[in-house]
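Asks: Protein chains in written order, with my numbering: chain X, 30 to 253; chain L, 30 to 253. Virtual Cβ for every residue (Gly too), placed ideally from N, Cα, C. The structure follows.
2 protein chains.
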Amino acid sequence: MEDQLTTTSYAVLAQVAVRPWSPYEMVQQRVRYFRYVWPAAESAIYREVKRLAAMGLIEGEKEYTGKRARTVYSITEDGKQVLRDWLGTPVAPFSMQFEAMLRVFVAPIGTKDELVGTIKQVRADAQDMLRFAGEVKQEFLEGIAVTQDQVYIRALAVDFFINLLITVEAWAERTLAETETWDDLMPSQEKNKRGLEKIRQLPVDTPDESIKDISKPPKRQMRT
Amino acid sequence: MEDQLTTTSYAVLAQVAVRPWSPYEMVQQRVRYFRYVWPAAESAIYREVKRLAAMGLIEGEKEYTGKRARTVYSITEDGKQVLRDWLGTPVAPFSMQFEAMLRVFVAPIGTKDELVGTIKQVRADAQDMLRFAGEVKQEFLEGIAVTQDQVYIRALAVDFFINLLITVEAWAERTLAETETWDDLMPSQEKNKRGLEKIRQLPVDTPDESIKDISKPPKRQMRT
DNA sequence: ATGCCTATACTCCATATTGGAGTAACCATA
DNA sequence: TATGGTTACTCCAATATGGAGTATAGGCAT
Numbered sequence: 030m031e032d033q034l035t036t037t038s039y040a041v042l043a044q045v046a047v048r049p050w051s052p053y054e055m056v057q058q059r060v061r062y063f064r065y066v067w068p069a070a071e072s073a074i075y076r077e078v079k080r081l082a083a084m085g086l087i088e089g090e091k092e093y094t095g096k097r098a099r100t101v102y103s104i105t106e107d108g109k110q111v112l113r114d115w116l117g118t119p120v121a122p123f124s125m126q127f128e129a130m131l132r133v134f135v136a137p138i139g140t141k142d143e144l145v146g147t148i149k150q151v152r153a154d155a156q157d158m159l160r161f162a163g164e165v166k167q168e169f170l171e172g173i174a175v176t177q178d179q180v181y182i183r184a185l186a187v188d189f190f191i192n193l194l195i196t197v198e199a200w201a202e203r204t205l206a207e208t209e210t211w212d213d214l215m216p217s218q219e220k221n222k223r224g225l226e227k228i229r230q231l232p233v234d235t236p237d238e239s240i241k242d243i244s245k246p247p248k249r250q251m252r253t
Numbered sequence: 030m031e032d033q034l035t036t037t038s039y040a041v042l043a044q045v046a047v048r049p050w051s052p053y054e055m056v057q058q059r060v061r062y063f064r065y066v067w068p069a070a071e072s073a074i075y076r077e078v079k080r081l082a083a084m085g086l087i088e089g090e091k092e093y094t095g096k097r098a099r100t101v102y103s104i105t106e107d108g109k110q111v112l113r114d115w116l117g118t119p120v121a122p123f124s125m126q127f128e129a130m131l132r133v134f135v136a137p138i139g140t141k142d143e144l145v146g147t148i149k150q151v152r153a154d155a156q157d158m159l160r161f162a163g164e165v166k167q168e169f170l171e172g173i174a175v176t177q178d179q180v181y182i183r184a185l186a187v188d189f190f191i192n193l194l195i196t197v198e199a200w201a202e203r204t205l206a207e208t209e210t211w212d213d214l215m216p217s218q219e220k221n222k223r224g225l226e227k228i229r230q231l232p233v234d235t236p237d238e239s240i241k242d243i244s245k246p247p248k249r250q251m252r253t
């Protein structure tokens, strides 16, 4: 019953701001609103809905289908104000969970098949999400998306998503091609030479001063 | 004292596999090993080190600087075996936390300055990380990286990272340009027309069948 | 009419995770 | 010699997680 809102609270509140939903619908449709930018457990959604309602930021109205009740929640004026206030606070930096990369790091102690399998999984995941993004694109083109009146905003997100996924897919493709030229996963002069060349060609500036002592990286992190 | 390993455990174990470290060094240097692909709190690292040591997957040796003790941990054979076994298990899908996008979604209830500020922050974050990636690149080119003998593997990660960051930075740039053509954040025919056009041009296939009922997206998520 | 599957709408809880505070020695510099 | 920063952690209360469990309704095939 704490009244400190978390990012998950704002995510749910933002979805309710789009239009009224029942908790179940929110859970089903959150993929279009925040799932891919702010993953949260199903049970967390139900919990947040109750908290937001208790705080008066959303309000529920009971509906019936036959005898089965469901509560449809809408955002209140207070809820909108809370969202507005949130926009004035500092934003948390982007972060990701990419377990596959950890496995790439230790790949040399495993088999080539395992490495290839991992990368193929990454590619498959990206392709699944691209397929979904394609459906979202189609919904907008057909004019049937729930957020049709806000295409100008949603387009920014779809743009981000598709480009990100294409970047990931392309990486997986490149990496599969590279690993397939390897006979085994042992370090070798040959592989390391290619690796160094790959790094040299990456389109990023190296620092002006050469690095003597391994410098401190930029700190960033912070949740909630 | 549970002996179920989490992904964070494997991340730490994988770092120890690179070379021996003291917990403090691991915390400082984890940015080069897993921070950006598997974020974990500082205290989590210390906790994992203790657990892994208790389980015999790493072993510590005490050193002294004057009276200040520090324990340097190395991976054991058991530890290596555990990592190998892990490579045979299914990999969790990619996911991200991108609070800024949630704010983009509700931007119309706030000010243009807030939206622009959010996107600029995203750009700045990407640029910070790119600067760091540039340093890593430089370390490899100079041949002084700790993982120099595994450039062939590390190159895959650096490649991923730099391309991802460039994608994010480019999106921020595009989006800033777009929002700067807006006088306000109100929905309008004009803005929505541009938005729809942007979506139309995104390089992703729309599904063969047009969508009647809003279809279920692919389920994916899973931690640990 | 019966059975079965799926949709709806949650609750519960053991564990995991987080951020922050606390402790303490060491070290450079003014 | 004071003091502020770095090194090197420990501890903990509060919060979050995901998975399992509960229960009813509606639809459809036989």
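Would you list, in sequence order, the uninterrupted alpha helix (DSSP H) runs of no fewer than 4 residues that lie entirely inside the segment 126-196 of chain X?
Replies: As far as the segment 126-196 of chain X is concerned, its whole alpha helix (DSSP H) runs of at least 4 residues are 128-135 and 141-171.
Asks: What alpha helix (DSSP H) runs, 4 residues minimum, are completely inside the segment 60-110 of chain L?
Replies: 71-83
Asks: When you compare the CB of L/P247 with every CB in chain X, is at least one pair closer than 8 Å?
Replies: Position 218 of the second sequence, counted from the first residue, corresponds to residue 247 of chain L. Confidence at L/P247 is low in this model, with a pLDDT of 48, below 50, so the placement of that residue is unreliable and no value is reported for it.
Asks: Could you give the C-beta distance for L/L86 and L/D107, rounded to a whole number, given that I count them as a contact under 8 Å?
Replies: Taking the first residue of the second sequence as position 1, residue 86 of chain L is located at position 57. Taking the first residue of the second sequence as position 1, residue 107 of chain L is located at position 78. Contact between L/L86 and L/D107 holds: CB atoms are separated by about 6 Å, below the 8 Å threshold.
Asks: Going along chain L in order, which residues have a C-beta closer than 7 Å to the C-beta of X/Y181?
Replies: Against the first sequence, residue 181 of chain X aligns to sequence position 152. Here the neighbours are P216, K220, N221, R223 and G224.
Asks: If you pair each beta-carbon of the segment 154-162 of chain L with each one of the segment 154-174 of chain X, do three or more pairs fall below 8 Å?
Replies: no
Asks: In terms of DSSP beta bridges, what is L/W50 paired with?
Replies: Looking up residue 50 of chain L in the second sequence gives position 21. DSSP, once it has assigned bridges, lists L/Y102 as partnering L/W50.
Asks: Per DSSP, what kind of secondary structure is X/S217 in: helix, strand or coil?
Replies: Within the first sequence, numbered from 1, the residue matching residue 217 of chain X stands at position 188. The answer is coil: DSSP assigns X/S217 none of H, G, I, E or B.
Asks: Return the Cβ separation of X/N221 and L/V180 in integer angstroms, given the expectation that the two are a contact with Cβ distance under 8 Å.
Replies: Within the first sequence, the letter at position 192 stands for residue 221 of chain X. Within the second sequence, the letter at position 151 stands for residue 180 of chain L. At roughly 5 Å, the Cβ-Cβ gap stays under 8 Å, so X/N221 and L/V180 are in contact.
Asks: Could you pull out every residue in the same chain whose Cβ sits closer than 7 Å to the Cβ of L/E3, ignoring the five residues on either side in sequence?
Replies: Chain L is shown only over 30 to 253; residue 3 of chain L falls outside these bounds and no answer can be derived.
Asks: Cutting at 8 Å between CB atoms, please list the residues of its own chain near L/V145, excluding the five before and the five after it.
Replies: Taking the second sequence and counting its residues from 1, one reaches residue 145 of chain L at position 116. Answer for L/V145: L205, T208 and E209, listed in chain order.
Asks: Can you list the residues of chain X that L/A40 reaches, using a CB-CB cut of under 8 Å?
Replies: Locating residue 40 of chain L in the second sequence gives position 11, counting from the first residue. The contacting residues are L131.
Asks: Would you kindly check if the distance between the Cβ of L/N192 and the Cβ of X/T196 is under 8 Å?
Replies: Within the first sequence, numbered from 1, the residue matching residue 196 of chain X stands at position 167. Within the second sequence, numbered from 1, the residue matching residue 192 of chain L stands at position 163. Taking 8 Å as the Cβ cut-off, X/T196 and L/N192 qualify as a contacting pair.
Asks: Less than 8 Å between the beta carbons of X/A186 and L/V133, yes or no?
Replies: Position 157 of the first sequence, counted from the first residue, corresponds to residue 186 of chain X. Position 104 of the second sequence, counted from the first residue, corresponds to residue 133 of chain L. Yes.
Asks: L/E88 touches chain X at which residues, Cβ-Cβ below 7 Å?
Replies: In the second sequence, residue 88 of chain L corresponds to position 59, counting from 1. Identification of chain X residues near L/E88 by a Cβ-Cβ cut-off of 7 Å yields none; the smallest Cβ-Cβ distance measures about 18 Å.
Asks: Does the beta-carbon distance from L/V56 to L/V175 come in below 8 Å?
Replies: Walking along the second sequence from the start, residue 56 of chain L turns up at place 27. Walking along the second sequence from the start, residue 175 of chain L turns up at place 146. Taking 8 Å as the Cβ cut-off, L/V56 and L/V175 do not qualify as a contacting pair.
Asks: Would L/Q126 pass as an interface residue toward chain X - the criterion being a Cβ-Cβ separation below 8 Å?
Replies: Residue numbering aside, residue 126 of chain L sits at position 97 when the second sequence is read from its first letter. It does; some Cβ of chain X falls within 8 Å.
Asks: Report all residues from its chain with a CB closer than 6 Å to the CB of X/Y39; omit the five preceding and five following residues, and keep chain order.
Replies: For the purposes of this step, residue 39 of chain X is taken as the residue at position 10 of the first sequence. Excluding sequence neighbours, X/Y39 sits near W115.
Asks: Around the Cβ of L/A129, are there at least 16 other Cβ atoms within 10 angstroms (buried) or fewer (exposed)?
Replies: Counted from its first residue, the second sequence places residue 129 of chain L at position 100. So L/A129 counts as buried.
Asks: Can you give me the C-alpha to C-alpha distance between X/E71 and X/Q110, rounded to a whole angstrom?
Replies: Along the first sequence, one-based indexing puts residue 71 of chain X at 42. Along the first sequence, one-based indexing puts residue 110 of chain X at 81. For X/E71 and X/Q110, the distance between alpha carbons rounds to 26 Å.
Asks: Tell me the rounded alpha-carbon separation between X/Q33 and X/Y62.
Replies: Position 4 of the first sequence, counting from 1, holds the residue named residue 33 of chain X. Position 33 of the first sequence, counting from 1, holds the residue named residue 62 of chain X. So the alpha carbons of these two residues sit roughly 22 Å apart.
Asks: Check the Cβ-Cβ distances between L/V111 and every residue of chain X, and say whether any is below 8 Å.
Replies: Position 82 of the second sequence, counted from the first residue, corresponds to residue 111 of chain L. Chain X contact via Cβ: absent.
Asks: Any Cβ of chain L within less than 8 Å of the Cβ of X/W50?
Replies: Along the first sequence, one-based indexing puts residue 50 of chain X at 21. No, because no Cβ of chain L sits closer than 8 Å to the Cβ of X/W50.
Asks: Identify which residue in L/Q177, L/M215, L/W211 and L/R229 has its Cα closest to the Cα of X/R223.
Replies: Numbered from its first residue, the first sequence carries residue 223 of chain X at position 194. If we check each option's Cα against that of X/R223, L/Q177 comes out closest.
Asks: What are the residues that DSSP puts in a beta bridge with L/S124?
Replies: Translated into the one-based positions of the second sequence, residue 124 of chain L becomes position 95. In the DSSP output, where bridge partners are listed per residue, L/S124 has X/Q126.
Asks: Let me check understanding here. Comparing Cα to Cα, which of L/W67, L/Y75, L/T37 and L/A69 lies closest to L/W50?
Replies: Position 21 of the second sequence, counting from 1, holds the residue named residue 50 of chain L. With distances taken between Cα atoms, L/W50 lies closest to L/Y75.
Asks: Could you check how far apart the C-beta atoms of L/V66 and L/V41 are, in whole angstroms? I think they sit under 8 Å.
Replies: As a working note, residue 66 of chain L is residue 37 in the second sequence. As a working note, residue 41 of chain L is residue 12 in the second sequence. In fact, because the Cβ distance is near 13 Å, the residues do not count as touching under 8 Å.
Asks: If L/F123 sits next to X/F127, beta carbons under 8 Å apart, how far is it from one beta carbon to the other, in whole angstroms?
Replies: Locating residue 123 of chain L in the second sequence gives position 94, counting from the first residue. Locating residue 127 of chain X in the first sequence gives position 98, counting from the first residue. Rounded, the Cβ-Cβ distance is 5 Å, consistent with contact.
Asks: Once DSSP output is grouped into helix, strand and coil, what is the label at L/Q44?
Replies: In the second sequence, the residue the question calls residue 44 of chain L occupies position 15. If DSSP states are grouped into helix, strand and coil, L/Q44 belongs with the helices.
Asks: Step through the CB atoms of chain L and report whether any lies within less than 8 Å of the CB of X/Q10.
Replies: Given a span of 30 to 253 for chain X in the structure shown, any question on residue 10 of chain X remains unanswerable.
Asks: How many angstroms separate the CA atom of X/E92 from the CA atom of X/Q58?
Replies: Locating residue 92 of chain X in the first sequence gives position 63, where the first residue counts as 1. Locating residue 58 of chain X in the first sequence gives position 29, where the first residue counts as 1. Approximately 19 Å, taken between the alpha carbons.
Asks: Shortest alpha-carbon distance to X/K149 belongs to which of X/W211, X/T37 and X/R203?
Replies: As a first step, residue 149 of chain X is located in the first sequence; it is residue number 120 there, counting from the start. Checking every option, the nearest Cα to that of X/K149 belongs to X/R203.
Asks: Spell out whether any CB of chain X is found under 8 Å from the CB atom of L/D234.
Replies: As a position in the second sequence, residue 234 of chain L is number 205, starting the count at 1. So, interface residue.
Asks: Of all the options X/L225, X/P236 and X/F169, which has the alpha carbon lying nearest to the alpha carbon of L/F161?
Replies: Taking the first residue of the second sequence as position 1, residue 161 of chain L is located at position 132. Among X/L225, X/P236 and X/F169, the Cα nearest to that of L/F161 is on X/P236.
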